[in-house]
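Asker: Under the working numbering, think of the first position of the sequence shown as 56, with each following residue one higher. The C-beta atom is built at its ideal place from N, Cα and C for all residues, glycine as well.
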Amino acid sequence: MRPSADDRRRAAPRAVRTCLARPSQGDAWTTEGRYLYFRYRHGEGTVEQHPSEDTGTWDLGGSRLWTLRDDGTDGGEIARPGFLALAGLRPAPDAEVLVLSSRQGREVKPR
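1) Rounding to the nearest angstrom, what Cα-Cα distance links Ser118 and Leu91 in this structure?
2) Exposed or buried, which one is Ser79 when buried takes at least 16 other CB atoms within 10 Å?
3) Among the residues of its own chain, which have a CB less than 6 Å from the CB of Pro106, if the five just before and after it don't count?
4) Do Leu144 and Gly100 have their CB atoms nearer than 7 Å?
5) Hey, would you say Thr85 sits closer than 7 Å to Val102, going by beta carbons?
6) Please return the same chain residues whose Cβ sits closer than 6 Å to the Cβ of Arg135, not counting the five positions on each side in sequence.
7) Helix, strand or coil for Leu39? Go by DSSP, reduced to three states.
8) Do Arg77 and Gly131 have their C-beta atoms within less than 7 Å of each other?
9) So, for Glu108: in the same chain, excluding its five sequence neighbours on each side, which residues have a beta-carbon less than 8 Å away from its beta-carbon?
So this is what it looks like as structure tokens:
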């Protein structure tokens with residue numbers, strides 16, 4: 056069965072965890088090319104859509120809050136599936152999942 060257009064829009068073909076410490080944060084791109092910034096701190100998760108991962112573009116228009124949710128835990132870590140679920144997304148079947156290595160300053164595939 057082929058995925059519907061709505062299913063394809065709700066898929067994230069690329070996700071990167073950009074902070075290995077607290078707060079959890081990361082980036083994801085939808086199949087339509089939308090850039091999303093995720094942050095989870097003190098039990099509050101936000102998903103923001105911005106024109107690109109370049110923070111210099113975030114105040115130029117085109118940015119919006121997708122989701123704001125407080126889970127009541129005061130937690131600071133959330134795994135990638137939790138981030139994607141917060142945004143109403145799921146990993147695409149051929150998703151590229153990376154973690155930004157703080158030691159090497161480059162993206163690596165998690166084991």
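Answerer: For this structure:
1) Position 63 of the sequence shown, counted from the start, is the residue given in the question as residue 118. Position 36 of the sequence shown, counted from the start, is the residue given in the question as residue 91. Distance between the alpha carbons of Ser118 and Leu91 is about 10 Å.
2) The residue you call residue 79 lines up with position 24 of the sequence shown. So Ser79 counts as buried.
3) By 1-based counting over the sequence shown, the position of residue 106 is 51. So the qualifying residues of the chain are Thr112, Gly117.
4) Residue 144 sits at position 89 when you count from the first residue of the sequence shown. Residue 100 sits at position 45 when you count from the first residue of the sequence shown. In this structure, Leu144 sits away from Gly100, with a CB-CB distance that is not shorter than 7 Å.
5) In the sequence shown, residue 85 corresponds to position 30, counting from 1. In the sequence shown, residue 102 corresponds to position 47, counting from 1. Against a cut-off of 7 Å, the Cβ pair of Val102 and Thr85 comes out as no contact.
6) The residue labelled residue 135 in the question sits at position 80 within the sequence shown. Cβ within range, chain order: Ala70.
7) For residue 39 there is no data in the structure shown, the boundaries of the chain being 56 and 166.
8) Sequence index remark: in the sequence shown, residue 77 carries index 22 (1-based). Sequence index remark: in the sequence shown, residue 131 carries index 76 (1-based). When the beta-carbon positions are compared, Arg77 and Gly131 come within less than 7 Å of each other.
9) Against the sequence shown, residue 108 aligns to sequence position 53. These residues qualify, in order along the chain: Asp82, Tyr90, Tyr92.
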